[in-house]
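K.L.:
Got a structure for you, questions after.
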Amino acid sequence: MYFVSAPKLLRAYYPSLLWQIDTKEKELYLTFDDGPHPTVTPFVLDILKQYDAKATFFCIGNNVDRNKEVYNRIIAEGNSVGNHTQSHMNGWKNSDYYYVKNIAVASERIASTLFRPPYGRIKKSQIKSLQMPDSYLKIVMWSVLSGDFDMNITGEKCLRNVLRNSKKGSIIVFHDSEKAFDRLKYALPKTLEHFRKQGYVFKALCMD
Numbered sequence: 012m013y014f015v016s017a018p019k020l021l022r023a024y025y026p027s028l029l030w031q032i033d034t035k036e037k038e039l040y041l042t043f044d045d046g047p048h049p050t051v052t053p054f055v056l057d058i059l060k061q062y063d064a065k066a067t068f069f070c071i072g073n074n075v076d077r078n079k080e081v082y083n084r085i086i087a088e089g090n091s092v093g094n095h096t097q098s099h100m101n102g103w104k105n106s107d108y109y110y111v112k113n114i115a116v117a118s119e120r121i122a123s124t125l126f127r128p129p130y131g132r133i134k135k136s137q138i139k140s141l142q143m144p145d146s147y148l149k150i151v152m153w154s155v156l157s158g159d160f161d162m163n164i165t166g167e168k169c170l171r172n173v174l175r176n177s178k179k180g181s182i183i184v185f186h187d188s189e190k191a192f193d194r195l196k197y198a199l200p201k202t203l204e205h206f207r208k209q210g211y212v213f214k215a216l217c218m219d
C-alpha cells in the first residue's frame, strides 16, 4: 500500500523534510529514483531534452559505479543528482550507524547535498544524524508518487496519478529502473506534454 499524494499528517510528523517547493509559479519538479540504468536513464534524458525539461535523479551508488557515463550525462545536460544510498538501504531495517555509513559511501560517488531515503523509510534518529551541521543533507521526500514501480497498475493509471495530484511546486516521483520502465515510458512523455501545454516549467532541485 502507498499514498499517491503525501498525507498532511505524514508531512507534519516529518516537518524538517522537503515535501514540495513553495512557489506561486507554474513549476514542477520531476525526480527519478534508483538509477542510473544503462537503457532506462538515457530514455528519460532523451524525453527530458525533447521537452526542454530538467529533473533530479536520486542515484544508487552501486548503479553509479556500473554506469558512470550515464551518470555523467545526467549532470552534463543540466540536471541535478541526489544520494539514494549506496545499496538502496531501508532505514527502518538498519541501525543508524550502518545506514549513515552506507550513505557516506554513496556520497563519495554522488556530489550532492540532496538525499532521498529508499522506500521513504527513515527513522527520526537517522534524520537527526543526516542533518548535523558538519554533514548536512537536505532530505527530499515527495508530493506525488506516480506508482510506476507498481506492477499491478497500467501506464494509464500511472499517468492519472500524476495529472490528478500535481500542482505548482509538486515534487513528483518516477523511477529510472527496469521494473518501472513499462509504465514510465507511457506516462512520462504524456506528463511532460500535458503540463507543457498548461504553461508549466520542469525544473531541477537545487543541490546547494
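Sequential numbering of the sequence shown, starting at 12, is according to the working numbering. Glycine included, C-beta positions come from ideal geometry on N, C-alpha and C.
(1) Using only CA atoms, which one of Arg175, Ala117, Phe160, Lys35 lies nearest to Asn74?
(2) Can you give me the Cβ contacts of Cys169 inside the same chain, cut-off strictly under 6 Å, excluding the 5 residues immediately before and after it?
(3) Please name the residue or residues paired with Phe43 in a DSSP beta bridge.
(4) Going by beta-carbon coordinates alone, are Ser181 and Gln61 separated by less than 7 Å?
(5) Taking the alpha carbon of Ser16 as the point to measure from, which residue in Ala64, Ala23, Ile183 has its own alpha carbon closest?
(6) Could you please give the first and the last residue of the uninterrupted beta strand (DSSP E) stretch that includes Gly102?
(7) Taking the alpha helix (DSSP H) that Asn94 falls in, what are its first and last residues?
(8) Could you please give the first and the last residue of the uninterrupted alpha helix (DSSP H) stretch that includes Ser136?
(9) Please report the residue range of the alpha helix (DSSP H) in which Cys19 lies.
(10) Cβ of Phe43 within 7 Å of Cβ of Asn94?
(11) Between Gly102 and the rest of its own chain, which residues show a CB-CB distance below 7 Å, the 5 nearest in sequence each way excluded?
(12) In angstroms with no decimal places, state the Cα-to-Cα distance between Gln97 and Ile71.
(13) Give the single residue among Asp161, His99, Thr202, Phe68 whose Cα lies nearest to the Cα of Ala122.
(14) Kindly identify the DSSP beta-bridge partner or partners of Phe213.
(15) Taking the alpha-carbon of Phe185 as reference, which of Cys217, Glu38, Glu119, Val51 has the nearest alpha-carbon?
(16) Can you give me the C-alpha to C-alpha distance between Glu80 and Pro200, rounded to a whole angstrom?
(17) Hey, could you find the ends of the alpha helix (DSSP H) His205 is sitting in?
P.N.:
Concretely, from the data shown:
(1) By one-based count along the sequence shown, residue 74 stands at place 63. Comparing Cα-Cα distances from Asn74 to each of Arg175, Ala117, Phe160, Lys35, the minimum goes to Ala117.
(2) Counted from its first residue, the sequence shown places residue 169 at position 158. Excluding positions up to five away in sequence, the list reads Ser157, Gly158, Asp159, Arg194, Ala198.
(3) Along the sequence shown, one-based indexing puts residue 43 at 32. Phe43 is bridged by DSSP to Phe68, Phe185.
(4) Counting from 1 along the sequence shown, the entry for residue 181 is found at position 170. Counting from 1 along the sequence shown, the entry for residue 61 is found at position 50. Contact: no.
(5) Sequence index remark: in the sequence shown, residue 16 carries index 5 (1-based). Ranked by how close their Cα comes to the Cα of Ser16, the residues Ala64, Ala23, Ile183 have Ile183 in first place.
(6) Counting from one through the sequence shown, the residue named residue 102 turns up at place 91. If you look at Gly102, you'll find it isn't in any beta strand (DSSP E); DSSP assigns it neither H nor E.
(7) In the sequence shown, residue 94 corresponds to position 83, counting from 1. Judged by DSSP secondary structure, Asn94 falls outside any alpha helix (DSSP H) and instead within the beta strand (DSSP E) spanning 91-94.
(8) By one-based count along the sequence shown, residue 136 stands at place 125. Per DSSP, the unbroken alpha helix (DSSP H) holding Ser136 starts and ends at 135-141.
(9) The residue given as residue 19 occupies position 8 in the sequence shown. Checking the displayed sequence, the identity of residue 19 turns out to be Lys instead of Cys. Segment 19-24, the alpha helix (DSSP H) holding Lys19.
(10) Taking the sequence shown and counting its residues from 1, one reaches residue 43 at position 32. Taking the sequence shown and counting its residues from 1, one reaches residue 94 at position 83. Against a cut-off of 7 Å, the Cβ pair of Asn94 and Phe43 comes out as no contact.
(11) By 1-based counting over the sequence shown, the position of residue 102 is 91. Within the same chain, Tyr110, Pro128, Arg132, Ile133, Lys134, Gln137 come within 7 Å of Gly102 by CB-CB distance, once the 5 residues on both sides are set aside.
(12) Taking the sequence shown and counting its residues from 1, the one referred to as residue 97 is at position 86. Taking the sequence shown and counting its residues from 1, the one referred to as residue 71 is at position 60. In this structure, the alpha-carbon of Gln97 lies about 5 Å from that of Ile71.
(13) Taking the first residue of the sequence shown as position 1, residue 122 is located at position 111. The option with the nearest alpha carbon to Ala122 is Phe68.
(14) In the sequence shown, residue 213 corresponds to position 202, counting from 1. For Phe213, which the question treats as bridged, DSSP gives the partners Leu39.
(15) The residue you call residue 185 lines up with position 174 of the sequence shown. When only C-alpha atoms are compared, the closest one is Val51.
(16) Within the sequence shown, residue 80 is the residue found at index 69, counting from 1. Within the sequence shown, residue 200 is the residue found at index 189, counting from 1. Across the structure, Glu80 and Pro200 are spaced so that their CA atoms are roughly 24 Å apart.
(17) As a position in the sequence shown, residue 205 is number 194, starting the count at 1. The continuous alpha helix (DSSP H) containing His205 extends over residues 192-208.
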